[in-house]
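Novice:
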Amino acid sequence: MILLRKILFPFAILYGLITAIRNWFYDKGILKSYSFSVPIIAVGNLSVGGTGKTPQIEYLIRLLLPNYKIAVLSRGYKRKSSGFLLAEYSSTAETLGDEPFQLHQKFPTIQVAVDANRKNGIEQLLTLQNKPDIILLDDAFQHRKVKAGFYILLTAYNDLYADDFILPTGNLRESRSGAKRANIIVVTKCPSTLSEADQTNIRQKLKLSANQQLYFSAIQYDEILYSETENRTVASLLNTDKLLVAGIAKPKPFFNHLQDGNDEELEFPDHHDFTEIDIQTIQKKSKNKPIITTEKDFVRLKGKVNAAQLFYLPIQSVFLSNGENFNKQINNYVEQSTRNRSVS
1 MILLRKILFP
11 FAILYGLITA
21 IRNWFYDKGI
31 LKSYSFSVPI
41 IAVGNLSVGG
51 TGKTPQIEYL
61 IRLLLPNYKI
71 AVLSRGYKRK
81 SSGFLLAEYS
91 STAETLGDEP
101 FQLHQKFPTI
111 QVAVDANRKN
121 GIEQLLTLQN
131 KPDIILLDDA
141 FQHRKVKAGF
151 YILLTAYNDL
161 YADDFILPTG
171 NLRESRSGAK
181 RANIIVVTKC
191 PSTLSEADQT
201 NIRQKLKLSA
211 NQQLYFSAIQ
221 YDEILYSETE
231 NRTVASLLNT
241 DKLLVAGIAK
251 PKPFFNHLQD
261 GNDEELEFPD
271 HHDFTEIDIQ
281 TIQKKSKNKP
291 IITTEKDFVR
301 LKGKVNAAQL
311 FYLPIQSVFL
321 SNGENFNKQI
331 NNYVEQSTRN
341 RSVS
């Protein structure tokens, strides 16, 4: 695989040139970007998957929900529907996509919508009778047709964009220079013990602009495992034989957190659509043992696997330090945008 990626280096240069020209056209106004009066926060990355966008979106929802009506707009990756779709009671993971459906179930008071055309999606949301005060754009850093008011760029601790290269030789969707569009950069999935010296080294490697802020976050696992029939503490099942199932990018930390010597692991591709054969494999390997999966996988496995066996483990994004500064920066942007909107 590494050899193949090296062989494809000329294609990476070509792809990088195409994306650079596209970005230049948007920067110069040759290609039009559309702005909206409503505060819009875009969360995304430069690399392909695995940076923790959904936990970051959830963090923003928890931060803003007490004071504002929130909508989340996603493209709905791998959904079996098209066009604009607003989540409702009859929505499923298949119609919305697994991550938007997870947000819809977890935060029933917010609006969750999907549309590959983010401009159209925003326009549709703003025509609603109960239109949102704030729109969070999920995975929209490269969606230049919409100009968000605030950009949060995520990069994983073990896979910094500064150490990566453009597709297909590396995993970057565009050049590292694209990071300059971000207001905030968050290094995600950090060890909770990350030292100040290591943080300084990463800061120097990322070469932030003077107007950019850098934060470090970690994944915090819940102490409770949830199912449709009962809840159990993680501690109560750690020494129990179980089957661990994950269809996410980079599942090793999830497995390591729960792994006991006799556990079995089943790994599937990110956003995997579980087939009947997959379900049969899961049930056969579980042998009536508890099946523990991620929250994203749970919404796709629920109703297909024995409910009494199937548990999921929620996660949250937590800042190692200066979380109050992050909160203040987000709240200041929203308050200022809302104030400007009411004046205009």
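Numbered as in full-length UniProt numbering, the sequence shown ends at 344 without a single skipped number.
Cβ coordinates follow ideal geometry from the N, Cα and C atoms, glycine included.
Where Ile291 and Thr127 are concerned, what is the direct C-alpha to C-alpha distance, given to the nearest angstrom?
Specialist: When rounded, the distance between both Cα atoms is 43 Å.
Novice: Is it buried or exposed, Gln336, if we count other Cβ atoms within 10 angstroms and call 16 or more buried?
Specialist: exposed
Novice: What is the DSSP secondary structure of Ser337, counted as helix, strand or coil?
Specialist: Note: Ser337 maps to helix in three-state DSSP.
Novice: Under three-state DSSP, which class holds Ala235?
Specialist: helix
Novice: Return the CA-CA distance between Phe216 and Val318, expressed in angstroms with no decimal places.
Specialist: 9 Å
Novice: Any chance you could list the beta strand (DSSP E) runs of at least 3 consecutive residues sitting entirely within the stretch 96-180, in chain order?
Specialist: 111-114, 134-138 and 150-156
Novice: Buried or exposed: where does Asn325 fall if 16 or more other Cβ atoms within 10 Å of its Cβ makes it buried?
Specialist: Classification for Asn325: exposed.
Novice: Taking Leu225 as the reference, give the member of Leu244, Lys207 and Asn211 with the closest Cα.
Specialist: Leu244
Novice: If you measure from the CB of Gln124, is any heavy atom of the ligand ZN nearer than 7 Å?
Specialist: For the structure depicted, the ligand ZN is absent and the ligand set is empty, with no information on it obtainable.
Novice: Please list the segments of the beta strand (DSSP E) lying wholly inside the stretch 203-271, counting only runs of 3 or more residues, in order along the chain.
Specialist: 213-221, 224-226, 231-233, 243-246 and 264-267
Novice: In chain order, what residues of the same chain lie with their CB nearer than 6 Å to the CB of Ile184, ignoring the 5 residues before and after it?
Specialist: The answer, listed in chain order, is Ile152 and Gln213.
Novice: Expressed to the nearest angstrom, what Euclidean distance is found between the alpha-carbon atoms of Thr275 and Asn262?
Specialist: 26 Å
Novice: Anyone know if the C-beta pair for Asp222 and Ala249 falls short of 8 Å?
Specialist: no
Novice: With distance defined between alpha-carbon atoms, name the residue in Asp98, Val38, Ser82 and Asn45 nearest to Lys69.
Specialist: Nearest option by C-alpha distance: Val38.
Novice: Hey, could you find the ends of the alpha helix (DSSP H) Thr281 is sitting in?
Specialist: Glu276 to Ser286
Novice: Once you ignore the five residues that flank Lys78 on each side, which residues in its own chain have a CB closer than 8 Å to its CB?
Specialist: Gly97, Asp98, His271 and Asp273
Novice: Near Phe150, which residues of its chain fall below 6 Å by C-beta distance, leaving aside the five closest residues on each side in sequence?
Specialist: Ile41, Asn183 and Tyr333
Novice: Can you grab the Cα-Cα spacing for the pair Tyr161 / Ala179, in whole Å?
Specialist: 9 Å
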